[in-house]
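Beneath this line is the structure, given in structure tokens, with notes to follow.
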Amino acid sequence: MFKEAEIRTFIEGTTNYFETSAQQSATVGSPYLVTDGKPGAYEYTGVIGITGARKGVVYFTAPRGMLTVLLMRMQETDTSDENIKDLVGEVANTISGNARRDFGKNFVISVPVVIAHDLDKVTTPHSRSFVIPINWRTHSAKLVVCLE
Amino acid sequence: MDTAVRPKASLKLMIVDDSNIIRRRIERSQQIARLEVVGAASNGRAAVEMFLRTQPDVVTMDLTMPEMDGIECVEELIAINSNVLILVVSALADKATAVEAIEKGANGFLCKPFTDRQLNDALEELLSEA
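Residue numbers (the numbering used here), protein chains in the order written: chain V, 1 to 148; chain G, 149 to 278.
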């Protein structure tokens, strides 16, 4: 069972990502527990499979507008769909990889799987997920953590 | 001739990362005058092929990649040329992974996400070993 206290690791990873990559802080809303297996998604989602000592998924999901501005803040001029998908996967990968600082090497992460333009394909392996709401500039996104 | 075009002290840099935006970011952000980017690869297997072809002096290396991961790639590159300088650039933030990469032959470790300054400081530190 995923401990509620462990959510702090992912909150710190999320805020650190925006502060460092975009040089602009994001605010994180109160994390909440979803028990119906439907934590929700935006237009682009980067999914990281977790194996090893913990099992499940971590995904970062965001609308195109947010990801476009984030790319521009990173001085990336190519805001094509390919780069948007690359970015959403990279955000998920970075936050999940950073979690190993607390969870250790046996928190094994996959390469990102990106789901775009198909919200129904974004699923979780268990009914219980923690959702971390993210607000950055005028945009909203979510980090979803679904671990055994 | 290649050496006639490049400054005498210049070193060849290869960038390895499965993310196109990270590859472009490193190429754009690195400000070390001595470094000239000679190639970029999106996985370990492609990196080994490019390494043999371009013979870089310095490599930035992601760890979590498809086909061949970064740790295995570090081992292969070191087996080809033990003098290459490798900076691991990865999100994997646990100490054990950094230690493993160094043991396999990497010379430095930069954790993602990173600022331009952190990237350049890490490259400068790496080159101080050259």
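For every residue, glycine included, the Cβ atom is placed at its ideal position computed from N, Cα and C. Remember, predicted model here, so these are calculated numbers, not experimental data.
Check, Outcome
"Could you please give me the residues that DSSP links to residue 132 of chain V through a beta bridge?", "V/143"
"Considering just the uninterrupted stretch of the alpha helix (DSSP H) at residue 243 of chain G, what are its terminal residues?", "243 to 252"
"Can you look up residue 262 of chain G in the DSSP assignment and give me helix, strand or coil?", "coil"
"Determine the burial state of residue 3 of chain V: buried for a count of at least 16 other Cβ atoms within 10 Å of its Cβ, exposed for fewer.", "exposed"
"Note the first and the last residue of the continuous alpha helix (DSSP H) segment covering residue 185 of chain G.", "From DSSP, residue 185 of chain G is part of no alpha helix (DSSP H) but of the beta strand (DSSP E) over 183 to 189."
"If distances are taken between C-alpha atoms only, which option among G/223, G/177 and G/189 comes closest to residue 251 of chain G?", "G/223"
"Less than 7 Å between C-beta atoms, sequence neighbours within five positions excluded: which residues of the same chain meet that for residue 57 of chain V?", "47, 48, 49, 50, 124, 125 and 146"
"Comparing alpha-carbon positions, which option in V/55, V/27 and V/45 lies nearest residue 89 of chain V?", "V/45"
"Under 8 Å, CB to CB, which of the residues in the stretch 189 to 211 of chain G have a partner in chain V?", "none"
"For the stretch 228 to 239 of chain G, list every residue whose C-beta sits within 7 Å of some C-beta in chain V, in sequence order.", "238 and 239"
"Tell me the DSSP secondary structure of residue 61 of chain V in three-state form.", "strand"
"Would residue 192 of chain G pass as a contact of residue 215 of chain G if the rule is Cβ separation under 8 Å?", "yes"
"For residue 165 of chain G, I'd like the list of residues in its chain whose CB is within less than 6 Å of its CB, leaving aside the five on either flank, ordered along the chain.", "171 and 210"
"Just how far apart, CA to CA, sit residue 113 of chain G and residue 184 of chain G?", "In the structure displayed, chain G extends from 149 to 278; residue 113 of chain G sits before or after that span and is not available."
"Can you tell me whether residue 189 of chain G is buried or exposed, with buried defined as 16 or more other CB within 10 angstroms of its CB?", "buried"
"When we look at the beta-carbon of residue 63 of chain V and count the other beta-carbons within 10 Å, is it buried (16 or more) or exposed?", "exposed"
"Which residues of chain V have a Cβ atom closer than 9 Å to the Cβ of residue 168 of chain G, listed in chain order?", "78, 82, 83 and 86"
"Return the Cβ separation of residue 144 of chain V and residue 59 of chain V in integer angstroms, given the expectation that the two are a contact with Cβ distance under 8 Å.", "5 Å"
"Assuming residue 121 of chain V contacts residue 134 of chain V (C-beta within less than 8 Å), just tell me the rounded distance between them.", "About 21 Å; that fails the 8 Å criterion."
"What is the rounded straight-line gap between the Cα of residue 83 of chain V and the Cα of residue 148 of chain V?", "32 Å"
"Mind listing the chain G neighbours of residue 137 of chain V? Cutoff is C-beta to C-beta under 8 Å, in chain order.", "Within 8 Å Cβ-Cβ: nothing; residue 137 of chain V doesn't reach chain G, min ~17 Å."
"Rounded to whole angstroms, what is the Cα-Cα separation between residue 264 of chain G and residue 129 of chain V?", "35 Å"
"Where residue 52 of chain V and residue 102 of chain V are concerned, what is the direct C-alpha to C-alpha distance, given to the nearest angstrom?", "14 Å"
"Please report the Cβ distance between residue 10 of chain V and residue 99 of chain V, rounded to the nearest whole angstrom; I am assuming they are in contact, meaning their Cβ atoms lie under 8 Å.", "6 Å"
"How do the stretch 256 to 272 of chain G and the stretch 227 to 242 of chain G stand: do at least 3 beta-carbon pairs fall below 8 Å, yes or no?", "yes"
"To which residues does DSSP link residue 44 of chain V through a beta bridge?", "V/62 and V/116"
"Measuring CA to CA, which of G/257, G/169 and G/195 is closest to residue 221 of chain G?", "G/195"
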